[in-house]
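For reference, the structure discussed in these notes is given below.
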Amino acid sequence: MERYQAATMAAVKTKTCRRCQAKYDPSKNTTSLCRFHPSFFVCRRHDDQKRYYELGPNDPPYAAKFYDCCGAEDPDASGCATDYHISYDD
Ligand SMILES: [Zn+2]
Ligand SMILES: [Zn+2]
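Everything in the sequence shown is counted per the UniProt record's numbering, starting at 1 for the first residue and increasing by one.
Structure below.
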């Protein structure tokens with residue numbers, strides 16, 4: 001019985017997601033596993049129509065650095081969108 005279990009474990013091959021670099025089990029991939037930002041981290045003024053970030057009185061205008069998709073100002077902020085992980089061979 002134990003030998004059978006070991007063989008089953010070895011058969012599970014994890015893949016690496018090319019979007020978030022996470023290792024995942026392809027058989028358990030769901031649309032909520034991969035968190036990412038669909039847009040780039042940029043360094044410019046926020047669009048005036050979409051003011052996510054209020055500059056302080058002493059901040060230069062270029063102090064605004066943020067993800068263009070959601071306005072998150074931390075480059076390590078977890079993604080604002082989720083989808084399936086995508087492997088390098090998909
Ligand atoms: Zn992913
Ligand atoms: Zn985002």
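Glycine residues also receive a C-beta, built at the ideal position from the N, C-alpha and C atoms. If you're wondering where the values come from, they're calculated on a predicted model, not measured in any experiment.
{"query": "For ligand 2, enumerate in chain order all residues having a CB closer than 7 Å to any of its heavy atoms.", "result": "His37, Pro38, Ser39, Tyr67, Cys69, Cys70, Ala72, Gly79, Cys80, Ala81"}
{"query": "Taking 8 Å as the cut-off, is the CB of Ala77 close to at least one heavy atom of ligand 1?", "result": "no"}
{"query": "On the DSSP bridge assignment, give the partners of Phe81 in chain order.", "result": "Residue identity check: residue 81 is Ala in the sequence provided, not Phe. In the DSSP output, where bridge partners are listed per residue, Ala81 has Phe36."}
{"query": "According to DSSP, is Lys28 helix, strand or coil?", "result": "helix"}
{"query": "Who are Cys17's beta bridge partners in DSSP?", "result": "Ser87"}
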